[in-house]
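Colleague:
Next comes the structure, spelled out in structure tokens:
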């Protein structure tokens, strides 16, 4: 497994932990999502279980999809026995591409989503700073950027190391 793919999977797992912590904090402090002032979340639990998410986390449906894609990317790298190697090589290539592309997309999407949340700017206003919220935002943004960057690097490495088939 290439180093960039290992870092991509690690960043995705860190992001899932950060989003989970963000969900717990948001549910406890009633921090609804208000991306760019356009979502106007009303019920933080309904938004988390639906498609809006919270101020500090993605919706649970996105997190489950991200977990599945992370497992796809990870499982595509597991070695099979020799008699299964040819079949596994073809399948792992497809699964690896799905996992790699999906995690790269999630990295881009999560970066934009977190940067667009008003809670980020509130952390810089005097008297509105919250250490725990800031740490979760930092973890979520840095891990999302890492997913995007490592996904692009892993994609480039995969394309460079693909064998050339001669007919």
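Numbering (our numbering), first residue to last: 1 to 167.
The beta carbon of each residue, even a glycine, is placed where N, CA and C say it ideally should be.
The structure displayed is predicted, hence computed values, not measured ones.
When you compare each of 100, 146, 143, 124 to residue 157 by their alpha carbons, which one comes out closest?
Modeller: It is 100 whose Cα lies nearest to the Cα of residue 157.
Colleague: Would you call residue 124 buried or exposed, if buried means 16 or more other Cβ atoms sit within 10 Å of its Cβ?
Modeller: So residue 124 ends up on the exposed side.
Colleague: Which partner residues of residue 32 appear in the DSSP bridge assignment?
Modeller: Partner(s): 54.
Colleague: To test your reading of the DSSP string, which unbroken alpha helix (DSSP H) runs of 4 or more residues are found completely within the region 115-152?
Modeller: The region 115-152 contains these whole alpha helix (DSSP H) runs: 118-122.
Colleague: Among 97, 153, 49, 109, which has the Cα closest to the Cα of residue 70?
Modeller: Answer by Cα proximity: 97.
Colleague: Going straight from the alpha carbon of residue 45 to that of residue 27, what length do you get?
Modeller: Cα to Cα, the separation comes out at about 6 Å.
Colleague: Just to confirm before moving on: does the CB-CB distance between residue 147 and residue 15 stay below 8 Å?
Modeller: Yes, these two residues count as a Cβ contact at 8 Å.
Colleague: Measure from the alpha carbon of residue 119 to the alpha carbon of each residue in 33, 72, 73, then state which is nearest.
Modeller: Answer by Cα proximity: 33.
Colleague: Residue 66 by DSSP, collapsed to three states: which one?
Modeller: In the structure shown, residue 66 sits in a helix (DSSP, three-state: H, G or I).
Colleague: Counting only the same chain and skipping the five closest in sequence on each side, list residues whose C-beta sits under 6 Å from that of residue 141.
Modeller: Hits under 6 Å: 114.
Colleague: How would you write the range of the alpha helix (DSSP H) that residue 47 sits in, first residue to last?
Modeller: Here the alpha helix (DSSP H) through residue 47 covers 44-49.
Colleague: What's the C-alpha gap between residue 56 and residue 23?
Modeller: Cα-Cα distance, rounded: 6 Å.
Colleague: Enumerate in chain order the residues of its own chain whose CB-to-CB distance from residue 108 is below 6 Å, with the five nearest sequence positions on each side excluded.
Modeller: Around residue 108: 148.
Colleague: Excluding the 5 residues preceding and the 5 following residue 152 in the sequence, name in chain order all residues of the same chain whose CB lies nearer than 7 Å to its CB.
Modeller: Taken in chain order, the residues that qualify are 104.
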